[in-house]
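Asks: Right, I'll just put the structure down here and ask away after.
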Amino acid sequence: MNATDPGAQSVHGVNPQTLVEKIMRNRIYASIYWKEQCFGLTAETLVDKAVELQEFGGTFGGNQQPTHFLCLLLKMLQLQPELEVVKQFIENEDYKYVTVLGAVYLRLVGKPLEVYTLLEPLLSDYRKIRKRNVIGWEITHVDEIADALLHEEYYIDLALPRLADRELLEKNEGLAPRRSPLEDELDADSDSSSSDEDE
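Quick note: the sequence shown, position 110, residue 110 per full-length UniProt numbering, numbers continuous.
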């Protein structure tokens with residue numbers, strides 16, 4: 001029940017489940033949601049559970065119970081879905097919590113090039129997200145979550161693997177320089193104003 005899929009490969013040189021710290025894994029394994037809802041999930045049935053998510057976050061309450069989000073994240077680490085499936089999670093426009101689940105999972109297991117390529121577009125995603133924390137609830141947005149995943153070392157009770165510098169990847173891996181949506185808008189404005197002048 002708590003074992004990693006036998007076909008799963010190590011991530012960053014370790015069993016993927018160990019990307020969630022041991023004390024947190026034990027809390028997840030002991031949670032009712034894990035025992036009742038995550039037992040026997042496959043990569044296909046995990047999607048159905050992810051669609052039901054109504055919250056995002058690490059732990060909540062005085063005794064630091066794991067959120068359903070964190071439980072499903074650990075289940076994803078056990079099952080290790082294909083990158084294409086994770087990409088579909090991130091790029092789907094109908095279920096924002098599925099997007100965030102895919103993003104956090106990718107940040108834990110992905111190669112730096114994949115992380116930047118798939119998470120940076122989320123910096124333009126302003127959908128509201130209910131974030132559950134130790135003291136209650138707060139509203140955040142997908143773009144804020146993506147920004148934290150790209151820049152923080154510790155987020156929602158998870159130690160994030162070190163992420164190579166973007167500039168380094170531009171030099172050595174051929175990652176295209178990032179264009180902000182503002183630059184695109186400015187380019188569009190200058191194109192339209194120059195076409196107005198031509199008339």
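Glycine included, each C-beta is placed from N, C-alpha and C at the ideal position. Model, not experiment: these values are computed from the prediction.
Ends of the alpha helix (DSSP H) at residue 156?
Replies: Within the sequence shown, residue 156 is the residue found at index 156, counting from 1. From DSSP, residue 156 is part of no alpha helix (DSSP H); its letter is neither H nor E.
Asks: Take the Cβ of residue 45 as the centre, count every other Cβ of all protein chains shown within 10 Å, and call the residue buried at 16 or more, exposed below.
Replies: Here residue 45 is taken as the residue at index 45 of the sequence shown, counted from 1. Exposed, since its Cβ has fewer than 16 Cβ neighbours within 10 Å.
Asks: Would the beta-carbon of residue 116 fall within 8 Å of that of residue 149?
Replies: Within the sequence shown, residue 116 is the residue found at index 116, counting from 1. Within the sequence shown, residue 149 is the residue found at index 149, counting from 1. Contact: no.
Asks: Are any of the Cβ atoms in chain D nearer than 8 Å to that of residue 140?
Replies: The structure shown contains no chain D, having only a single protein chain.
Asks: Counting only runs of 4+ residues fully inside the segment 76-101, write out the alpha helix (DSSP H) ranges in chain order.
Replies: Segments of the alpha helix (DSSP H) lying fully in the segment 76-101: 83-91.
Asks: Could you check where the alpha helix (DSSP H) with residue 26 kicks off and where it finishes?
Replies: Taking the first residue of the sequence shown as 1, we reach residue 26 at position 26. Residue 26 -> alpha helix (DSSP H) spans 22-30.
Asks: State the DSSP-derived secondary structure class of residue 145, mapped to helix, strand or coil.
Replies: Here residue 145 is taken as the residue at index 145 of the sequence shown, counted from 1. Reduced to three states, the DSSP call for residue 145 is helix.
Asks: Go ahead and pull the three-state DSSP assignment for residue 42.
Replies: Taking the sequence shown and counting its residues from 1, one reaches residue 42 at position 42. Here residue 42 sits in coil by DSSP.
Asks: Going by CA-CA distance only, name the one from 151, 162 and 69 that's closest to residue 130.
Replies: Indexing the sequence shown from 1 puts residue 130 at position 130. Of the candidates 151, 162 and 69, the one whose C-alpha sits nearest the C-alpha of residue 130 is 69.
Asks: Where does residue 127 fall in DSSP's three states?
Replies: Position 127 of the sequence shown, counted from the first residue, corresponds to residue 127. Correct three-state label for residue 127: coil.
Asks: Among the candidates 94, 20, 36 and 87, whose CA atom is the shortest distance from the CA of residue 59?
Replies: Residue 59 sits at position 59 when you count from the first residue of the sequence shown. Comparing Cα-Cα distances from residue 59 to each of 94, 20, 36 and 87, the minimum goes to 20.
Asks: Can you tell me which residues form a DSSP beta bridge with residue 121?
Replies: Start at 1 with the first residue of the sequence shown, and residue 121 comes out as number 121. Paired residue(s): none; residue 121 is not in a bridge.
Asks: When you compare only the Cα positions, how much space is there between residue 91 and residue 101?
Replies: As a first step, residue 91 is located in the sequence shown; it is residue number 91 there, counting from the start. As a first step, residue 101 is located in the sequence shown; it is residue number 101 there, counting from the start. Taking the straight line from one Cα to the other gives about 11 Å.
Asks: Which whole-angstrom value describes the C-beta separation of residue 17 and residue 74, a residue pair presumed to lie in contact below a C-beta threshold of 8 Å?
Replies: As a working mapping, residue 17 is identified with position 17 in the sequence shown. As a working mapping, residue 74 is identified with position 74 in the sequence shown. With 8 Å as the limit, residue 17 and residue 74 qualify as a contact, their Cβ atoms being about 7 Å apart.
Asks: Since I believe residue 81 is in contact with residue 50 (beta carbons under 8 Å), could you give me their beta-carbon distance rounded to a whole number of angstroms?
Replies: Counting from 1 along the sequence shown, the entry for residue 50 is found at position 50. Counting from 1 along the sequence shown, the entry for residue 81 is found at position 81. So it is not a contact: roughly 11 Å between Cβ atoms.
Asks: How would you label residue 34, buried or exposed, when you count the other beta carbons within 10 angstroms and need 16 or more for buried?
Replies: Position 34 of the sequence shown, counted from the first residue, corresponds to residue 34. Under this definition residue 34 is a buried residue.
Asks: For residue 172, report the span of its alpha helix (DSSP H) as first-last.
Replies: Counting from 1 along the sequence shown, the entry for residue 172 is found at position 172. Its alpha helix (DSSP H) spans residues 166-172.
Asks: Does the count of Cβ pairs from the segment 159-179 and the segment 106-115 closer than 8 Å reach three?
Replies: With the cut-off at 8 Å, the segment 159-179 and the segment 106-115 touch.
Asks: If I measure Cβ to Cβ from residue 269 and keep anything under 8 Å in the same chain, skipping five residues before and after, which residues do I get?
Replies: This structure does not reach residue 269, given that the chain is present from 1 up to 199, and the question cannot be answered.
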